[in-house]
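Working notes, structure below.
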Amino acid sequence: MTETVNFLNSPQLEKFSGLVVSTFASSLTAISSRTVNLSLGEMVKCDADTLFAPYENETLISAKEDNGGFETGLLFRTRDITKLADFMLAGDGESKDEIDDDTKDAVQELTSQLLSSLNVPFEEAFSNKFSFKSEDVIKNSSSALFQCPEYYVIDLKGDVDGAELDFRFFIDTNIESKLGSKEENNLVDDGSIEALLGNAGISFDDEPSESSGNTPKNLDLLLDIDIPISVRMGSAKLFLKDILGLGPGNIVELEQNADDPIELAINDKVIARGEVVIVDGYFGFRIKEIVSKAERIRKLKD
């Protein structure tokens, strides 16, 4: 049984599928350090047998959306997912026909990052908490591995550095209950720029009228000011005796869940949230959410 999703009747599912495609493309690009292009093949509603068949004896990544308890996961060609895992480990993209123990750990790590990358953009888009977690990497040997009567299935098509890449994301159809309506507005408007610079101790007078449309010279000077930023991964409170006892190999547990977004701050004021990525061997920060104007104003009063 297969039913193509009609986006005209289901705008929230259209937004859902679009976020899956765009988030997976950017995440795989960051994880693999390769150019990954993805597009939506189709989105359908189907049963377990239909979900299983095209990827029989390939690789199944079983997962859960913990906040709602929804079954979800990914289906990859084994040679494709092992190639991506090798890229992640700074290899040349070696493909394997079977997943051994070492490769399984790499695939588990890759898909865990891939699925968890959905949490922040989904929360922003649908006004609900999401927590996607990879559970296991197994051979897709039977439709009995899938427990739900129906699934939404998103087929993704694209390439990695020009080499073809197809895979599918699936989730229990009951996920629709969490897809509330909310307009996305992650653009940095004039107000957010003013607040950002205000946090750095810079104030604006009323802008002079410019009939020519040219940027005032004093604004050009402001735009060249260096503003230090910091990334917060969490914090912890320790007794003095514990601090004095710290040494190489000790682990300090932060008061932040591993699934919580990382904060980007300017002058100790949070202006964005997102995740840490690795690009060409360097740490980077991918912005998933710009802090709302109301929240920035509230923090300025704190």
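The sequence shown maps to residues 3 to 304 in the working numbering. Every residue, glycine too, gets a C-beta built ideally from N, C-alpha and C.
Cβ separation of Glu152 and Asp49, assumed to be a contact under 8 Å, to the nearest whole Å: Numbered from 1 along the sequence shown, position 150 holds the residue referred to as residue 152. Numbered from 1 along the sequence shown, position 47 holds the residue referred to as residue 49. Rounded, the Cβ-Cβ distance is 6 Å, consistent with contact.
Check whether the Cβ atoms of Arg308 and Tyr57 sit closer than 9 Å, and answer yes or no. This structure cannot settle anything about residue 308, because the visible part of the chain is limited to 3 through 304.
Going by the DSSP bridge assignment, what does Tyr284 pair with across the sheet? For the purposes of this step, residue 284 is taken as the residue at position 282 of the sequence shown. BP columns for Tyr284 point to Val281.
Which residue comes first and which comes last in the beta strand (DSSP E) that contains Asp138? On the sequence shown, position 136 is the one that residue 138 refers to. First-last of the beta strand (DSSP E) with Asp138: Phe134 to Lys141.
Taking one C-beta from the segment 154 to 169 and one from the segment 130 to 146 each time, how about it: are there three or more such pairs within less than 8 Å? The segment 154 to 169 vs the segment 130 to 146: no contact.
Could you tell me the distance, in whole angstroms, from the CA atom of Lys159 to the CA atom of Asp82? The sequence position of residue 159 within the sequence shown is 157, counting from 1. The sequence position of residue 82 within the sequence shown is 80, counting from 1. Spanning the two alpha carbons is a distance of roughly 12 Å.
Measuring only the C-alpha atoms, how far is Cys150 from Gly251? In the sequence shown, counting from the first residue as 1, residue 150 sits at position 148. In the sequence shown, counting from the first residue as 1, residue 251 sits at position 249. Their backbone Cα atoms lie some 44 Å apart in a straight line.
Secondary structure at Leu30, three-state DSSP: helix, strand or coil? Taking the first residue of the sequence shown as position 1, residue 30 is located at position 28. Note: Leu30 maps to helix in three-state DSSP.
What is the DSSP secondary structure of Glu16, counted as helix, strand or coil? The residue given as residue 16 occupies position 14 in the sequence shown. Under the three-state reduction of DSSP, Glu16 is assigned to helix.
With a cut-off of 8 Å on the beta carbons, I'd call Glu96 and Lys85 a contact; round off their distance for me. The residue labelled residue 96 in the question sits at position 94 within the sequence shown. The residue labelled residue 85 in the question sits at position 83 within the sequence shown. About 7 Å separates the two Cβ atoms, so the contact holds.
For my contact list, Glu265 and Arg234 are in at a C-beta cut-off of 8 Å; report their separation, rounded to the angstrom. Reading the sequence shown from its first residue, position 263 is the one you call residue 265. Reading the sequence shown from its first residue, position 232 is the one you call residue 234. With 8 Å as the limit, Glu265 and Arg234 qualify as a contact, their Cβ atoms being about 4 Å apart.
For the alpha helix (DSSP H) that contains Ser114, what are its first and last residues? As a working note, residue 114 is residue 112 in the sequence shown. For Ser114, the uninterrupted alpha helix (DSSP H) run begins and ends at Asp103 to Ser118, by DSSP.
For the beta strand (DSSP E) that contains Ala45, what are its first and last residues? Counted from its first residue, the sequence shown places residue 45 at position 43. Residue identity check: residue 45 is Met in the sequence provided, not Ala. Per DSSP, Met45 belongs to the beta strand (DSSP E) from Val38 to Cys48.
Given a cut-off of 9 Å on the beta-carbon distance, is the pair Val281 and Asp157 in contact? Residue numbering aside, residue 281 sits at position 279 when the sequence shown is read from its first letter. Residue numbering aside, residue 157 sits at position 155 when the sequence shown is read from its first letter. No, the pair does not count as a contact, with Cβ atoms beyond the cut-off.
Near Val23, which residues of its chain fall below 8 Å by C-beta distance, leaving aside the five closest residues on each side in sequence? In the sequence shown, counting from the first residue as 1, residue 23 sits at position 21. So the list reads Leu40, Ser41, Leu42, Ile156 and Leu158, once near-sequence residues are dropped.
Is the beta carbon of Lys131 less than 9 Å from the beta carbon of Asn69? Position 129 of the sequence shown, counting from 1, holds the residue named residue 131. Position 67 of the sequence shown, counting from 1, holds the residue named residue 69. For Lys131 and Asn69, yes; Cβs fall inside 9 Å.
Assuming Phe173 is part of the beta strand (DSSP E), what are its boundary residues? Start at 1 with the first residue of the sequence shown, and residue 173 comes out as number 171. The sequence given here has Ile at residue 173, not Phe. Counting along the chain, the beta strand (DSSP E) containing Ile173 begins and ends at Ala165 to Asp174.
Where does Gly286 land, buried or exposed, given buried means 16+ other C-beta within 10 angstroms? Taking the first residue of the sequence shown as position 1, residue 286 is located at position 284. Looking at its Cβ environment, which holds fewer than 16 other Cβ atoms inside 10 Å, Gly286 is exposed.
If we count the other Cβ atoms within 10 Å of its Cβ and call it buried at 16 or more, is Val278 buried or exposed? Walking along the sequence shown from the start, residue 278 turns up at place 276. Counting the other Cβ atoms within 10 Å of the Cβ of Val278 gives fewer than 16, which makes it exposed.
Close Cβ partners of Asp99 (< 8 Å) along its chain, the five nearest in sequence each way excluded: Locating residue 99 in the sequence shown gives position 97, counting from the first residue. Taking Asp99 as the centre and dropping the five residues before and after it, the same chain places the C-beta of Thr80 and Arg81 closer than 8 Å to its C-beta, in chain order.
Inter-residue Cα distance where the pair is Leu21 and Ile227: Along the sequence shown, read from residue 1 onward, the residue named residue 21 stands at position 19. Along the sequence shown, read from residue 1 onward, the residue named residue 227 stands at position 225. Distance between the alpha carbons of Leu21 and Ile227: 35 Å.
Report, in whole angstroms, the separation of the C-beta atoms of Leu76 and Ile63, which I expect to be a contact under 8 Å. As a first step, residue 76 must be located in the sequence shown, where it is residue number 74. As a first step, residue 63 must be located in the sequence shown, where it is residue number 61. Ile63 and Leu76 do touch by the CB rule: their CB atoms are close to 4 Å apart, below 8 Å.
Simplified DSSP assignment, three categories, for Glu152: Walking along the sequence shown from the start, residue 152 turns up at place 150. Coil at Glu152, not helix or strand.
Going straight from the alpha carbon of Leu198 to that of Ile273, what length do you get? Taking the first residue of the sequence shown as position 1, residue 198 is located at position 196. Taking the first residue of the sequence shown as position 1, residue 273 is located at position 271. With a pLDDT of 44 at Leu198, under the threshold of 50, the modelled position of that residue is not reliable, and no figure is offered here.
Alpha carbon to alpha carbon, how far is Asp174 from Val7? Walking along the sequence shown from the start, residue 174 turns up at place 172. Walking along the sequence shown from the start, residue 7 turns up at place 5. Take the alpha-carbon of Asp174 and the one of Val7: they are about 14 Å apart.
Neighbourhood of Phe26 by C-beta, 7 Å cutoff - its chain only, sequence neighbours within 5 removed: Within the sequence shown, residue 26 is the residue found at index 24, counting from 1. Around Phe26: Leu40, Leu116 and Leu158.
From Ser237, Pro263, Lys290 and Ala32, pick the residue whose C-alpha is nearest to that of Leu112; which is it? Here residue 112 corresponds to residue number 110 of the sequence shown, with the count starting at 1. Per the C-alpha coordinates, the member of Ser237, Pro263, Lys290 and Ala32 positioned closest to Leu112 is Ala32.
Start and end residues, beta strand (DSSP E) containing Val254: Residue mapping note: residue 254 aligns to position 252 of the sequence shown, counting from 1. Here Val254 belongs to no beta strand (DSSP E), and DSSP marks it neither H nor E.
In the DSSP assignment, what residue or residues form a beta bridge with Val22? Reading the sequence shown from its first residue, position 20 is the one you call residue 22. DSSP output for Val22 lists no bridge partner at all.
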